[in-house]
Amino acid sequence: MTIQIGDRLPEGTLQEFIDVETEGCALGPNTFNVSDLVKGKTIAIFGLPGAFTPTCSAQHLPGYIKLADQLKAKGVDEIWCISVNDAFVMGAWGRDQKATGTVRMMADGSAAFTKALGLEFDLVAKGFGVRSQRYSMLVQDGVVKQLNVETGGFDVSSAETLLKQLG
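Residue numbers for the sequence shown follow our numbering, beginning at 42 and rising by one.
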């Protein structure tokens, strides 16, 4: 069943490649419990089929990087990009797109969290495995306040749409 507005995010973990070691975060892939990361925060989350893919690299991620300051001015504490790729790929893609320090590149390598959201997209027959549907959501203290799931193409999950929904 697909997550809905008013639902709490499911339990799960995501990985993030850390480029600079800090207290509590080692260099390289670090695993985080989603429930711990969302406590007391407003987070703009967007999910997409894959790192380094055409629409994701040309429009989806760049839109959130470009509008990050405006989203944060409307009360967003963090912006997450979630994809069914490993932490090494997400880290490399984030560096390539200059997202470091602006958008957290969260890896869901086995698609476990994406499946828990009910937002998986089966592309096994095409040789791409299980991926994420394209979506965006606003989460406050772990509860979904806005949810925009694409039905085809790229319209409703853009940074511009989520920014308009913030008022």
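Just so it is clear, CB atoms sit at the ideal spot from N, CA and C, and this is done for glycine as well.
Quantities reported herein were computed from a predicted structural model and do not represent experimental measurements.
1) Mapping DSSP to helix, strand and coil, what is Gln181?
2) Hey, quick one: how far does the alpha helix (DSSP H) through Leu204 stretch, first residue to last?
3) Can you tell me where the beta strand (DSSP E) with Ala85 in it begins and where it stops?
4) So, Phe154 versus Pro90, is the Cβ gap smaller than 9 angstroms?
5) Going by CA-CA distance only, name the one from Asp196, Met131 and Thr202 that's closest to Thr141.
6) Counting C-beta neighbours from all protein chains within 10 Å, is the total for Phe87 16 or more, i.e. buried, or is it exposed?
7) Note down the Cα distance separating Arg145 from Ser98, rounded to an integer number of angstroms.
8) Please confirm whether Ile46 and Leu188 have their CB atoms less than 9 angstroms apart.
9) Distance check for Lys139 and Asp196, CA to CA, integer angstroms please.
10) In three-state terms, what does DSSP make of Asp118?
11) Output the boundary residues of the beta strand (DSSP E) element that contains Leu164.
12) What runs of the alpha helix (DSSP H), each 4 residues or longer, lie entirely inside the region 100 to 148?
13) Can you give me the start and stop residues for the beta strand (DSSP E) that Ser76 sits inside?
In brief:
1) Residue numbering aside, residue 181 sits at position 140 when the sequence shown is read from its first letter. Of the three classes helix, strand and coil, the one that applies to Gln181 here is strand, per DSSP.
2) Numbered from 1 along the sequence shown, position 163 holds the residue referred to as residue 204. Run containing Leu204: Ala200 to Gln206, per the alpha helix (DSSP H) assignment.
3) As a first step, residue 85 must be located in the sequence shown, where it is residue number 44. Note, Ala85: beta strand (DSSP E), Thr83 to Leu89.
4) Sequence index remark: in the sequence shown, residue 154 carries index 113 (1-based). Sequence index remark: in the sequence shown, residue 90 carries index 49 (1-based). Not closer than 9 angstroms, so no.
5) Sequence index remark: in the sequence shown, residue 141 carries index 100 (1-based). Of the candidates Asp196, Met131 and Thr202, the one whose C-alpha sits nearest the C-alpha of Thr141 is Met131.
6) Here residue 87 is taken as the residue at index 46 of the sequence shown, counted from 1. Buried, because 16 or more other Cβ atoms sit within 10 Å of the Cβ of Phe87.
7) Counting from 1 along the sequence shown, the entry for residue 145 is found at position 104. Counting from 1 along the sequence shown, the entry for residue 98 is found at position 57. Rounded to the nearest whole angstrom, the C-alpha separation of Arg145 and Ser98 is 15 angstroms.
8) As a working note, residue 46 is residue 5 in the sequence shown. As a working note, residue 188 is residue 147 in the sequence shown. Result yes, Cβ atoms of Ile46 and Leu188 sit closer than 9 angstroms.
9) The residue labelled residue 196 in the question sits at position 155 within the sequence shown. The residue labelled residue 139 in the question sits at position 98 within the sequence shown. Using only the alpha carbons, I get a separation of about 23 angstroms.
10) Numbered from 1 along the sequence shown, position 77 holds the residue referred to as residue 118. Correct three-state label for Asp118: coil.
11) Residue numbering aside, residue 164 sits at position 123 when the sequence shown is read from its first letter. In the DSSP annotation of this structure, the continuous segment of the beta strand (DSSP E) that includes Leu164 starts and ends at Glu161 to Leu164.
12) The qualifying runs are 102 to 107, 109 to 114 and 128 to 137.
13) Locating residue 76 in the sequence shown gives position 35, counting from the first residue. First-last for Ser76: Val75 to Val79, but that is the alpha helix (DSSP H), not the beta strand (DSSP E).
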